[in-house]
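Written below as structure tokens is the structure these notes are about.
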Amino acid sequence: MLDKLNPPQRAAVLHAQGPLLVLAGAGSGKTRVIVEKIAYLIESGRYSARRIAAITFTNKSAKEMRERVAKRLRGEVVNDITLCTFHALGLKFLQIEHAAVGLKRGFSIFDADDAAAQIKDLCGGANAKPDDIEDVKNLISRAKNAGLSPEQAALAARSNREKNAALVYSLYQARLTAFNAVDFDDLIRLPVQVLEENPDIAAAWRERIGYLLVDECQDTNDAQYRLLKQLAGPAGNFTCVGDDDQSIYAWRGANPENLHNMGVEYPNLQVIKLEQNYRCSNRVLRAANALIAHNPHEHLKTLWSDQADGERIRVWECRNSEHEAEKVAAEIQFLGNSRGIPWSDFCILFRGNFQSRPLEKALQLVGVPYHLTGGTVFLERQEVKDTLAWLRLLVNPDDDTAFMRAVQSPKRDVGAGTLAKLAELAAEKDMPMAQAAESMGALAQLTPRAANSLSKFTDIVRALRHDMRELSSADLIRRMVKDCGLLTELRHQAKDEAGYQRRAANLEELAQWFERGPRGASAADLAAQLALLSRNDKDDGGNAVRMMTLHASKGLEFPYVFIVGCEDGVLPHQVSLDEGNLEEERRLLYVGITRAKVQLWMTYSKLTRKFGEHIRLKPSRFFDEIPAAEMQRDGADPVADAAHKQERAKAGLAAIQALFDD
181 MLDKLNPPQR AAVLHAQGPL LVLAGAGSGK TRVIVEKIAY LIESGRYSAR RIAAITFTNK
241 SAKEMRERVA KRLRGEVVND ITLCTFHALG LKFLQIEHAA VGLKRGFSIF DADDAAAQIK
301 DLCGGANAKP DDIEDVKNLI SRAKNAGLSP EQAALAARSN REKNAALVYS LYQARLTAFN
361 AVDFDDLIRL PVQVLEENPD IAAAWRERIG YLLVDECQDT NDAQYRLLKQ LAGPAGNFTC
421 VGDDDQSIYA WRGANPENLH NMGVEYPNLQ VIKLEQNYRC SNRVLRAANA LIAHNPHEHL
481 KTLWSDQADG ERIRVWECRN SEHEAEKVAA EIQFLGNSRG IPWSDFCILF RGNFQSRPLE
541 KALQLVGVPY HLTGGTVFLE RQEVKDTLAW LRLLVNPDDD TAFMRAVQSP KRDVGAGTLA
601 KLAELAAEKD MPMAQAAESM GALAQLTPRA ANSLSKFTDI VRALRHDMRE LSSADLIRRM
661 VKDCGLLTEL RHQAKDEAGY QRRAANLEEL AQWFERGPRG ASAADLAAQL ALLSRNDKDD
721 GGNAVRMMTL HASKGLEFPY VFIVGCEDGV LPHQVSLDEG NLEEERRLLY VGITRAKVQL
781 WMTYSKLTRK FGEHIRLKPS RFFDEIPAAE MQRDGADPVA DAAHKQERAK AGLAAIQALF
841 DD
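This note's numbering puts the sequence shown at residues 181 to 842.
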């Protein structure tokens, strides 16, 4: 298989000793390099499959990579490879080393809603301002992504808001410990803490993972980079694959400087650049290269392709966002109908989700199906979250957050007042709420009605916990939703039978997910794995035009791409303009441009309305960084415009003729 790789790809695969950084340009076949390298390490006998770990950033990319490795290697060997996300690796680590951080087996993983609820309560509950809560939540997450403990965050705090957030962080972490729980950020921070403070554990894990591959390493935050270094150790037997030109997640803690730091901390680091692009036309690549050349580079890449030049980038000036949406929708409808192009070959990209509304309306008016990435997804549905809260409570009786959701799902005679009293009694006795609910002394201090409801609830929990020993995880889910009353509640809530069946089917799908889970995994293991699934992992829109943010488009490709809203203040964003920091915005547009395989459109509006007034907009300053020869502006090329109109006219006549033929 090595003979099918280009020379830099082959060199990256064959480099098996010491640290390697592969700077892989957009569409340069980086996933193929990772897959072939895994195969080479195993087939050459250098490493057994059990000692290889390949880390990605999303469950979707981990799944795709696993499928490609399985196809390449065949047989069961792929199941021996650790192939997962950073957070899944952190979970696996904590499930083995839980005692080192004071956790018990079966610990819970708080999702974003659980974490936000606790932080809101610690900030003053209903009296706290939403913006203040969000600010504290973000500062805590930023501290964890930097690998800081509560004590370290307090020492690093400078402003009053940072000092306040550090105090809340300390209280929040104490609650997590009491609940025998962690949040997503802890899945990286805590393993780093253990590895840095325990040389014996670090040595054992370096023996366990002999060779490490990391995809999208430009997106690592400081804690993830420290985890990488601890697992690789001084020998540095790793391959990091990334692209500094596609680092677009600084807002959530990613630090592209980690690529530079790697060369400092590993002086023998070898750097290989993948510059041949297998996706885009040369015209699109010349535009992308010219744009990104305005950013400073330690390792400059110049993407090239052996494909033809292709169509020039179409640049449209529109009156406003509604006119822009109408033009885009009309062009997609025309191309789809006249050329027989599947709707799923088209993608519309924008800076923020707020830009999708006029586009949705315009596509609906012309009858073109669309799929908006990032809508409400399976794991966010109420009945699914209720079921997972029950499961968390069964496997982790210390999880007060799961208890409070489960005891009210379905509704029973246990109101907010009863829960507040129970929480107070539990705190006095230094016990979790689930244990307090079983205490005769605690129940005696509640109203008879509430005490009776709690007794019935604990009876159900006790019976299900007994069933958990005998039933498969999938059958436990099926029995649980029936015995705890969730299915009955869904029937009461449903307006009709179809509505009930739809929501009940979600619970059956959840059970089937557990059925398809890893063999031998316990309900606790599977619940933890499910908690790691990201919001956008399940996002198959069928044959429909894709609409998504530029951030969400990373790693994807489409034949026909429209980038809308190319105005100063939108792309680049106004905050970046105010701060004079355009590098990440430039990288974001670079990502969007390099999604296009066949043709690219970039559009902007002249006017917008704010507070009832018309405001004039300026085209994005990034247009000035793209060579004029690579763009075709409306009205600037009469010959090209005439050809486009003629194609539309022919298509219109053909459509009329088809009506008569029918």
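Here a beta-carbon is modelled for each residue, glycine too, at the ideal position from N, C-alpha and C.
- Within the stretch 756–823, the alpha helix (DSSP H) runs of at least 4 residues that lie entirely inside it are, in chain order, 763–773.
- Counting only residues of its own chain and dropping the five nearest sequence neighbours on each side, Ala510 has a CB closer than 7 Å to the CB of Val546.
- One thing to note: Arg775 has its Cβ no nearer than 8 Å to the Cβ of Ser524.
- Closest in C-alpha terms to Arg645, from the list Ile795, Gln404, Tyr446, Trp570, comes Trp570.
- Beta bridge pairing from DSSP links Ile640 with no other residue.
- Taking the Cβ atoms as the reference, Asp315 lies roughly 7 Å from Arg341, within the contact range of under 8 Å.
- Taking the C-beta atoms as reference points, Ser501 is found nearer than 8 Å to Ser785.
- In the displayed model, Ala206 falls within coil according to three-state DSSP, outside both helix and strand.
- The shortest C-alpha to C-alpha distance from Thr400 to any of Glu650, Gly422, Ser653, Ala415 is the one to Gly422.
- Taking the C-beta atoms as reference points, Arg766 is found nearer than 8 Å to His474.
- The stretch 604–621 makes contact with the stretch 574–589, as at least three CB pairs between them are under 8 Å.
- Nearest in C-alpha terms to Arg231, of all of Asn239, Ile218, Lys243, Ile743, is Ile218.
- DSSP, read as helix, strand or coil, puts His672 in helix.
- The DSSP-derived three-state label of Val421 is strand.
- Contact between Ile313 and Leu269 does not hold, since the beta-carbon distance rounds to 30 Å and is not under 8 Å.
- Taking C-beta atoms under 8 Å as the contact rule, Leu203 and Leu454 qualify, at a distance of about 7 Å.
- By the CB criterion at 8 Å, Gly772 and Leu529 fall inside the cutoff.
- If you check the CB distance, Leu573 and Lys601 do not come in under 8 Å.
- Assignment of Pro436 by DSSP, reduced to helix, strand and coil, places it in the coil class.
- Shown here for Asp291: same chain residues with a beta carbon closer than 7 Å to its own, the five before and five after excluded, namely Ala711 in chain order.
- Taking 8 Å as the cut-off, the Cβ atoms of Trp781 and Phe742 count as close.
- If you keep only unbroken alpha helix (DSSP H) runs of at least 4 residues inside the stretch 497–549, you get 501–519, 536–545.
- Measuring C-alpha to C-alpha distances from Asp489 to each of Asn462, His477, Ile472 identifies Asn462 as the nearest.
- DSSP places Met245 within a helical segment (H, G or I) once states are collapsed to three.
- Shown here, Ala614 sits in a helix according to DSSP, grouped into three states.
- Ranked by how close their Cα comes to the Cα of Gly282, the residues Val362, Ser321, Thr638, Arg248 have Val362 in first place.
- With a beta-carbon spacing of about 17 Å, His278 and Phe364 fall beyond the 8 Å limit used to define contacts.
- At the C-beta level, Pro549 and Ala505 stay beyond 8 Å of one another.
- Taking C-beta separations shorter than 8 Å and ignoring five residues to either side along the sequence, the partners of Gln197 in its chain run Asn417, following chain order.
- Of the residues assessed, Asp425 falls on the buried side of the cut-off, its CB having 16 or more other CB atoms within 10 angstroms.
- Ranked by Cα distance from Gln353, the options Ile320, Ser733, Leu670 are led by Ile320.
- As a beta-bridge residue in DSSP terms, Gly749 pairs with His753.
- When the alpha-carbon of Ser288 is set against those of Ala703, Gln562, Gly209, the nearest one is in Ala703.
- Residue pairing for Val741: DSSP places it in a beta bridge opposite Cys527, Leu780.
- In the DSSP assignment, Gln450 forms a beta bridge with Leu200.
- The DSSP-derived three-state label of Ala337 is coil.
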